[in-house]
Amino acid sequence: MEASARTAMYPQHRCKNIYLVRHAQGIHNVEGEKDHSAYMSLALLDAHITPLGWSQVDCLREHVTKCGLDKKIELVIVSPLLRTMQTAVGVFGHGSNTDEASASPLLMVEGAGHSGHKAISSLNCPPFLAVEACRERLVFLSHE
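First residue of the sequence shown: 21, per the numbering used here; consecutive thereafter.
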């Protein structure tokens, strides 16, 4: 339920909207579905996203663009894990082949993280900030 201007604690123009996005399918998700213990594998800790994950990224980018949300995002805060950065860059970065885009700094180089994905430009996209505190943690429990 949306608060009216009279009942809201702060005026809407002083508020920020926060959108939370989960990363696309990573290789750890595929392996974890086969064997749940794979989620604890150190080899899969910094997993990259799968081809299905890239399709999910493409669908979300299309949705974000169609609804105009891409014009409203002021900052993208992301975990430093590869799968989260690939998802965020794929959704909010601008993968364009124009001369102007190729002259701008890259958010992701071609093939980053075994992706086989094209490079993604930073042209006209919001700033990105990778924050360690956003990273998931592995918790090992001992059964003594």
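All C-beta atoms in this analysis are idealised placements derived from N, C-alpha and C, irrespective of residue type, glycine included.
| task | Please report how far the alpha carbon of M105 lies from the alpha carbon of M29, in whole angstroms. | result | 34 Å
| query | Can the beta-carbon of A67 be found less than 8 Å from the beta-carbon of P100? | reply | In this structure, P100 does not lie closer than 8 Å to A67 by Cβ.
| said: Relative to the C-alpha of G185, which candidate in N37, N144, G73 has its C-alpha closest? | reply: Residue 185 is absent from the structure shown; the chain starts at 21 and stops at 164.
| request: Give me whichever residues DSSP pairs with S141 in a beta bridge. | output: H114, L126.
| request: Please look up how many angstroms separate the CB atoms of H83 and L64, rounded, as I've assumed it's under 8 Å. | output: H83 to L64, Cβ: 28 Å. No contact.
| query | Should M128 go down as buried or exposed, given a rule of 16 or more other Cβ atoms within 10 Å for buried? | reply | buried
| task | Within its chain, find whatever has a CB closer than 6 Å to the CB of S59; leave out the 5 residues flanking it on each side and keep chain order. | result | First, the residue type needs correcting, since residue 59 is Tyr and not Ser in the sequence shown. Counting only Cβ-Cβ distances below 6 Å, and skipping sequence neighbours, we find G52.
| task | Please classify A150: does DSSP put it in a helix, a strand, or coil? | result | strand
| Same chain, Cβ closer than 6 Å to C154, five either side skipped, listed in chain order | So the qualifying residues of the chain are S99.
| What residue range is occupied by the uninterrupted beta strand (DSSP E) comprising V96? | 96 to 98
| field | G136 in three-state terms, based on DSSP | value | Collapsing the DSSP output to three states places G136 in coil.
| said: Tell me the rounded alpha-carbon separation between H43 and D55. | reply: 20 Å
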